[in-house]
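Beneath this line is the structure, given in structure tokens, with notes to follow.
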Amino acid sequence: MMKSILIILFLSILVSACVQTENSSTGDADTFAPVTIDKSTAAGERLSNAFGVIQRNCVSCHSQFNLTTDAQWLNTNYVVRNSPSTSSIYCRIKGSGCGAEDMPPTGSISALELSYISTWISGL
Ligand code: HEC
């Protein structure tokens with residue numbers, strides 16, 4: 407009797423030790439999980455291009471920019487429909503030509519990357 411209890415105890419410890427409740431190597435995997443945006447439409451491709459730039463250059467500091475639909479962006483104050491020059495997500499970026507351009511704080515993004523963001527906003 408005692409022996410079978412011990413065996414059950416041993417087996418249950420063994421099983422629970424194997425259940426992984428979170429990814430221990432990347433504790434924040436959820437936050438930075440690669441997002442798949444449907445690029446089968448022109449609008450989807452514009453968003454995907456722009457969001458890729460934002461994700462690579464901005465989201466590490468601005469978790470509030472981790473938005474993957476046009477509707478979510480339009481609900482913020484960062485994007486003004488069809489108006490890059492009054493959208494802070496574009497205008498704060500170095501090289502955008504709007505003034506008050508200081509993002510990202512170190513380094514800069516390329517002209518092509520900037521154009522992805524302005525093209526996306528112009529098409530909203
Ligand atoms: C190294 C960290 C860092 C990175 C990377 C960064 N920012 Fe920022 N950003 C800040 C800080 C800090 C502030 C707050 C200070 C301020 O508002 O001037 C800020 C402010 C802003 C604001 C105003 C925020 C608001 O709520 O009104 C915008 C818009 C912005 N950043 C856009 C961007 C964009 C776009 C990128 C990527 C191209 C970017 N930032 C990358 C640190 C960062």
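Note that my numbering has the sequence shown beginning at 407, numbered continuously upward. The beta carbon of each residue, even a glycine, is placed where N, CA and C say it ideally should be. For clarity, every value in this text was computed on a predicted model and none was experimentally measured.
{"Item": "Going by DSSP, name the residue or residues bridged to I499.", "Value": "M509"}
{"Item": "Excluding the 5 residues preceding and the 5 following F457 in the sequence, name in chain order all residues of the same chain whose CB lies nearer than 7 Å to its CB.", "Value": "I443 and T474"}
{"Item": "Excluding the five sequence neighbours on either side, which residues of its own chain have a C-beta within less than 6 Å of the C-beta of L509, listed in chain order?", "Value": "Reading off the sequence shown, one finds Met at residue 509, where the question assumed Leu. Closer than 6 Å at the Cβ level, and outside the excluded window around M509, lie R498 and I499."}
{"Item": "Would you grab the beta carbon distance between L453 and W526 for me? Rounded to a whole angstrom, and I think it's under 8 Å.", "Value": "6 Å"}
{"Item": "Taking the Cβ atom as the reference point for each residue, do M484 and P490 lie within a distance shorter than 8 Å?", "Value": "Position check: residue 484 holds Tyr in this sequence, whereas Met was assumed. No, these two residues do not count as a Cβ contact at 8 Å."}
{"Item": "Can you name the start and end residues of the alpha helix (DSSP H) that R452 belongs to?", "Value": "A448 to N463"}
{"Item": "For S516, count neighbouring Cβ atoms within 10 angstroms of its own Cβ and tell me buried if that reaches 16, exposed if not.", "Value": "exposed"}
{"Item": "My understanding is that V465 touches Y522, with C-beta atoms under 8 Å, so please give their C-beta distance in whole angstroms.", "Value": "At roughly 15 Å, the Cβ-Cβ gap does not stay under 8 Å, so V465 and Y522 are not in contact."}
{"Item": "Since D476 is in the alpha helix (DSSP H), which residue starts that stretch and which ends it?", "Value": "D476 to L480"}
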